[in-house]
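1147 is the number of the first residue of the sequence shown in my numbering; add one for each residue after it. Glycine is no exception: its CB is placed at the ideal position from the N, C-alpha and C atoms. Notes to accompany the following structure.
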Amino acid sequence: MNQSDRNGQVQVRDMSQKSQDSRRQDLQQNTQQVLNSILNSIGSAVVVTDADGHFLTFNPAAEKMFGLDATMSAQETWSRNFGLYEVDGNTPLRESEFPLRRAMRGESADSVRLCIKNESMSFCLWVSVNIRPLLDESGRVSGGVVVFDDITSQIRLEQELRRSNSDLQQFAAVAAHDLQEPLRTIGSFLELFVQRNRAATDDKSVRYMNFIHDAVKRMQTLIDDLLTYSRVQSRAKPFEAVDCNEIVAEALADLKTSIKNSGATIDVSPLPSICADREQLKQVFQNLIGNALKFKREGVPLRVKIAATAESGSYRFSVCDNGIGIKDEYSERIFGIFQRLHSRETYPGSGIGLSICKRVVERHNGVISLHSVPGEGSTFSFTIVT
Ligand code: ADP
């Protein structure tokens, strides 16, 4: 190959190298433009700093959220303007837990809830933050990325809900407790009155007395149920390791008479051990099995199946019967307090059992639901987070 050919080859290679470089540059520019458009348009505040705490990115949403621009160093900006607190809004966050510090330590985390405050400016914002380290080409930490989402209205709603729940709970507990005393007095004096006037009372009066007596008993049951319901929270015990086979066996032993009277066949599959409030979980099984025994179909041998299946992050327990079933339209309502679908004469009860189950399951971060076919049977299932 002569000299000019070689030069020609070198030139061609140079040109193709140049066009590759310019394509790469175009691509980088394009990527940067796309990234900028995203950062400028999203509602989440994105803050990126280098290893010295200087802002590399402080997008418009961040400027709006914090009322700042990116001219100061990150550290200066934060320490001068804001205090960081735990989600309770009062406990100062340890400096080692500051999102940018965590990111610079190489940590990643999602949905960390914090409160950011500036008392003198009456600035108070609750945020959910995602934390990532900024890595250079060799994988070393060269800064931090923190993405903030404003969750202030959600937190205020949660606080409001907690407050009104606790007010309601206190009201129910006090009302139920204070109603017990006058009711006991009515019951005892009615007893004395009946004894004193037994000889002189006519049939009609006896009937009226019986009505009063029944009403007093019914009211006593309602008050006891209401107290049990309100105590799901106030008398809650810490969670412990619980063998569900034992709990179900205990619940079945307590229901021995009803099982015998209903002639039911009870089929219990092997159950797992979980972390739960032992007494409360037993109450859930007892209420669900008790209902399965109560709402049986006339003339059909009753079968009740109790089982559990593992799901991701939880267990799903089920109590299945072949009883009267429930129409789909009532599948939410029956979990409400004092909600019943039948008269007391047809099926006894006060309508509190399922609402207690729901409250207990929710205390365990689970969900309770019903699948039922009227005239064929019902399956109540609930999850308990593992
Ligand atoms: P109670 O059993 O005291 O009536 P619950 O709160 O336990 O109260 O149940 C509410 C209502 O849900 C019951 O009155 C009944 O109508 C319906 N229900 C509950 N469990 C079953 C079941 N296994 N089969 C059919 N209906 C049921």
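Looking at the ligand ADP, does it come within less than 7 angstroms of residue i, judged from the CB to the closest heavy atom?
i	result
residue 1501	yes
residue 1440	yes
residue 1427	no
residue 1544	Past the boundaries of the shown model lies residue 1544; the chain is included only from 1147 to 1532, so the question cannot be answered.
residue 1412	no
residue 1480	yes
residue 1493	yes
residue 1524	yes
residue 1467	yes
residue 1366	no
residue 1471	yes
residue 1487	yes
residue 1433	yes
residue 1437	yes
Considering only the alpha carbon of each residue, which of the options lies closest to residue i?
i	options	result
residue 1364	1332, 1350, 1391	1332
residue 1385	1335, 1323, 1419, 1494	1419
residue 1523	1443, 1495, 1178	1443
residue 1529	1469, 1467, 1454	1454
residue 1234	1273, 1284, 1226, 1246	1273
residue 1428	1412, 1456, 1244, 1388	1388
residue 1314	1379, 1338, 1327	1379
residue 1203	1484, 1426, 1178, 1225	1178
residue 1464	1526, 1166, 1214	1526
residue 1362	1374, 1350, 1317, 1334	1334
residue 1488	1515, 1460, 1441, 1269	1441
residue 1182	1304, 1173, 1205	1205
residue 1337	1350, 1360, 1348, 1316	1360
residue 1405	1459, 1448, 1243	1448
residue 1329	1301, 1316, 1358	1358
residue 1339	1356, 1327, 1325, 1326	1356
residue 1395	1492, 1416, 1240, 1260	1416
Using the beta-carbon count (16 or more within 10 Å), is residue i buried or exposed?
i	result
residue 1352	exposed
residue 1423	buried
residue 1262	buried
residue 1467	buried
residue 1510	buried
residue 1399	exposed
residue 1505	buried
residue 1446	exposed
residue 1180	exposed
residue 1519	exposed
residue 1147	Caution is warranted here: a pLDDT of 49 is assigned to residue 1147, below 50, making its placement in the model unreliable, and no coordinate value can be reported.
residue 1245	buried
residue 1254	exposed
residue 1162	exposed
residue 1354	exposed
residue 1186	exposed
residue 1512	buried
residue 1297	buried
residue 1300	exposed
residue 1303	exposed
Taking 7 angstroms as the line, does the beta carbon of residue i fall inside it for any heavy atom of the ligand GDP?
i	result
residue 1498	As far as ligands go, the structure on display features the ligand ADP and does not contain the ligand GDP.
- Query: Counting pairs of Cβ atoms below 8 angstroms between the segment 1273 to 1289 and the segment 1303 to 1313, do you hit three or more?
  - Reply: no
- Task: With a floor of 3 residues, list each beta strand (DSSP E) that falls wholly inside the segment 1248 to 1299, ordered by position along the chain.
- Result: 1255 to 1264, 1269 to 1281, 1287 to 1296
- Meets three-Cβ-pair contact criterion under 8 angstroms: the segment 1185 to 1200 and the segment 1244 to 1251: yes
- Query: Below 8 angstroms, can you find three or more Cβ-Cβ pairs linking the segment 1321 to 1331 to the segment 1365 to 1379?
  - Reply: As far as the Cβ criterion goes, the segment 1321 to 1331 touches the segment 1365 to 1379, which means the pair count is three or higher.
- Message: Three or more C-beta pairs under 8 angstroms: does that hold for the segment 1342 to 1351 against the segment 1470 to 1480?
- Response: no
- Task: Decide yes or no for the touch test of the segment 1498 to 1512 against the segment 1429 to 1441: beta carbon pairs closer than 8 angstroms, at least 3 of them.
- Result: Because the criterion of three Cβ pairs below 8 angstroms is met, the segment 1498 to 1512 and the segment 1429 to 1441 touch.
- Fully enclosed by the segment 1181 to 1246, which beta strand (DSSP E) runs are 3 residues long or longer? 1191 to 1196, 1201 to 1204, 1229 to 1231
- Message: Threshold first: 3 residues or longer. Then list the beta strand (DSSP E) segments lying entirely within the segment 1405 to 1474, N to C.
- Response: 1411 to 1414, 1419 to 1422, 1449 to 1457, 1460 to 1467
- Which parts of the segment 1369 to 1400 are runs of the alpha helix (DSSP H), unbroken and 4 residues or longer, counting only runs that do not cross its ends? The segment 1369 to 1400 contains these whole alpha helix (DSSP H) runs: 1390 to 1400.
- Query: At what residue ranges does the segment 1484 to 1532 contain a whole run of the beta strand (DSSP E), taking only runs of 3 or more?
  - Reply: 1514 to 1519, 1523 to 1531
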